[in-house]
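Here's the structure we're looking at; comments come further down.
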Amino acid sequence: MSKKESRTGLVVAGLLLGILMAAMDNTIVSASMPTIVGELGGLEQFIWVTSAYLVATMASMPIFGKLSDMYGRKRFYLLGLAVFLIGSALCGTAQTIVQLSIYRAIQGIGGGSLMPIAFTIIFDIFPPEKRGKMTGLFGAVFGLSSVIGPLLGAFITDQISWRWIFYINLPLGILSLFLIGPFYKETLQLRRLKIDWYGAVTLVGSVVSLMFALELGGNKYAWDSAQIISFFIIFAVLFAAFLVIERKVQEPIISMSLFKRQLFAATQAVAFFYGAAFIIATVLIPLFVQSVYGGTATNSGVILIPMMVGSVAGSQLSGLSVRRFSYRAIMLVSVILFFIGMCLLGTIDADTGRSTLTIFMIIAGVGMGCSFSLLSMSTQHKMEPQKRGIATSTNTFFRTLGMTIGVTIFGSIQNKLFQNDLKEALGSLKGFAGNIDSRALLSADMRAKIPAGILHKISGAMADSVSATFTWTLIPISLGFIAIILMGKERLMPSKLGASDKQVS
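Everything in the sequence shown is counted per my numbering, starting at 1 for the first residue and increasing by one.
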């Protein structure tokens, strides 16, 4: 092995560690959230622990992508990694759900650089004929992290403390820093560009306003209240301003010109709808397991493994198939499996066995996993090297935007359904439904103090709310199917020997 190949191998190892850490962070937290809520309280606010991270990631992602095109991938990958590690350390010190949400936002700012820049570096250092294999490998690590995350998070939560699910990022991140820093040598020609700060502020402001409206509407405030109407108006004004700004600025945060390419535009739509549907499964299944089946965080962590194994398999299959079939053909198989899996998850109830739930999750996981590596490749199809950073970050941005809006909308739906089902189930017990504390449902010790008959009704209400929410996710999946049809017939083809970057339709 030559010195150059050896150095490239170390860089790939460092990037894989970064992706492992960033991707694992979502699932490791999801599996441990029931226990965290059981200790800190705030079941009605637990969605914000996830959404705060996603909003911050979404905000920083296109900015890091643009900066990496301007000044180089390396320095902003390392900067983002450092911020991510600082946020991780702070998360471990949180004393309330609100504090944890704030620290997760700091973590998310750094996380916005890791995934898109890592994939962009791969497209910079490998020719097209090797990208399918490499992105398949990266997609597999992304999926593998989803397997390790829940299990590791559950084990750490039960055996040590949930705080260590954040501290574990520190050694992984430091090792990634030492691998990327000395060994990654950039050759990309850089450009001086302007950062679209106004676009970033208006976009983030509009999304946050929409999230507040959807989260608080029908819960803390009536839908027709002045507060909720104001949030919707702010969202509309800021989003309209964002669209105007993006059309006029010299270097927009999201380049509208890229959307003139049909494959690129359709790919971003697919990423958005897939993200909106899949995120709620990783959030609600652990909640379902611990509140319906009972037990510890380990039960929640282990139960997620089949879905994540399915996603690893799907990612590998799509990475290996992309040179033989079109992007659209592979995604059509993906969306059918994803739809069936989520449809089956929409049938679960308090009496659903673990083996049945496992089968449903595997099907959904394979369907979703196919998109992990493939959407990154279709986003980069025929993309000029100087636009790869913003293109990749745009793709990850739309997936994250879908996850952010999805977790807010479907989280609100689930919470509302649960409260309604709970009142109906316990209607004959005056005052009891309003006195249910989140700790009582998610803590094994406190569950033991609830009479069996009442606990069964509460668990049934939770199960019904979760399954009904899964049924609602069929809407974005169906919209994703329409977007996939529009992807066209393009597929990845190897370049000729010596050609630098050739993809054909």
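We put the CB at the ideal spot given by N, CA and C, even for glycine. Quick caveat, the model's predicted, so the values are computed rather than measured.
Around the Cβ of residue i, are there at least 16 other Cβ atoms within 10 angstroms (buried) or fewer (exposed)?
i: G353; result: exposed
i: T96; result: exposed
i: S478; result: exposed
i: G9; result: exposed
i: A226; result: exposed
i: V11; result: buried
i: K457; result: buried
i: I482; result: exposed
i: L337; result: buried
i: T469; result: buried
i: L320; result: exposed
i: P182; result: exposed
i: F272; result: buried
i: I409; result: buried
i: A222; result: exposed
i: T57; result: buried
i: W162; result: buried
i: A23; result: buried
i: A452; result: exposed
i: Q316; result: buried
Comparing C-alpha positions only, which one of the options sits nearest to residue i?
i: L422; options: A461, I484 and Y77; result: A461
i: F232; options: L243, G217, I245 and Q419; result: G217
i: L15; options: R7, A94 and S176; result: S176
i: F397; options: F470, G310 and Q268; result: Q268
i: T157; options: E39, T356, Y274 and M383; result: E39
i: G149; options: V270, S321, P286 and M377; result: P286
i: H381; options: T392, G112 and S371; result: T392
i: V309; options: F325, K185 and V366; result: V366
i: N465; options: F372, I305 and I280; result: Contrary to the premise, residue 465 reads as Ser rather than Asn in this sequence. Answer by Cα proximity: I280.
i: S32; options: A118, F360 and F288; result: F288
i: M518; options: R324, M377 and G314; result: Lying outside 1 to 505, the shown extent of the chain, residue 518 is not represented and no answer is given.
i: Q99; options: L137, I121 and V49; result: V49
i: R323; options: M377, F242, G181 and V237; result: M377
i: F235; options: S209, V249 and I254; result: S209
i: I160; options: V207, S113, R247 and I36; result: I36
i: P171; options: A89, A118, I229 and S113; result: A89
i: N395; options: W164, N169, F178 and Y274; result: Y274
i: R388; options: L85, Y53 and I122; result: I122
i: I413; options: L284, S334, W197 and E384; result: L284
i: L238; options: V207, D351 and D196; result: V207
i: G480; options: D351, Q419, S334 and L455; result: S334
Return yes when the Cβ of residue j is within less than 8 Å of the Cβ of residue i, no when it is not.
i: G80; j: F64; result: yes
i: V55; j: V204; result: yes
i: V349; j: S257; result: Per the sequence shown, the amino acid found at residue 349 is Asp instead of Val. No, the pair does not count as a contact, with Cβ atoms beyond the cut-off.
i: M487; j: A266; result: yes
i: A277; j: G406; result: yes
i: I303; j: G153; result: no
i: Y167; j: G92; result: yes
i: V83; j: I106; result: yes
i: Y327; j: L374; result: yes
i: P252; j: G199; result: yes
i: S291; j: P34; result: yes
i: I390; j: D69; result: yes
i: M331; j: V244; result: no
i: L345; j: A329; result: no
i: I180; j: K66; result: no
i: L474; j: C343; result: yes
i: I19; j: A118; result: yes
i: S113; j: Y77; result: yes
i: R491; j: F325; result: yes
i: L151; j: I305; result: yes
i: D196; j: V249; result: yes
i: Y184; j: R104; result: no
Output the boundary residues of the alpha helix (DSSP H) element that contains residue i.
i: S225; result: First-last for S225: undefined, no H or E at that position.
i: G367; result: R354 to T379
i: P116; result: I97 to I125
i: A94; result: First-last for A94: undefined, no H or E at that position.
i: L263; result: Q262 to F288
i: W472; result: A452 to W472
i: P171; result: N169 to F183
i: Y327; result: Y327 to L345
Based on DSSP bridge pairs, tell me the residues matched to residue i.
i: G217; result: Y221
With a threshold of 8 Å between beta carbons, is residue i in contact with chain D?
i: A468; result: No chain D appears in the structure shown, which is made up of a single protein chain.
Could you check whether the Cβ of residue i sits closer than 7 Å to any heavy atom belonging to the ligand PLP?
i: A200; result: With respect to the ligand PLP, the structure shown offers nothing to examine, as it has no ligands at all.
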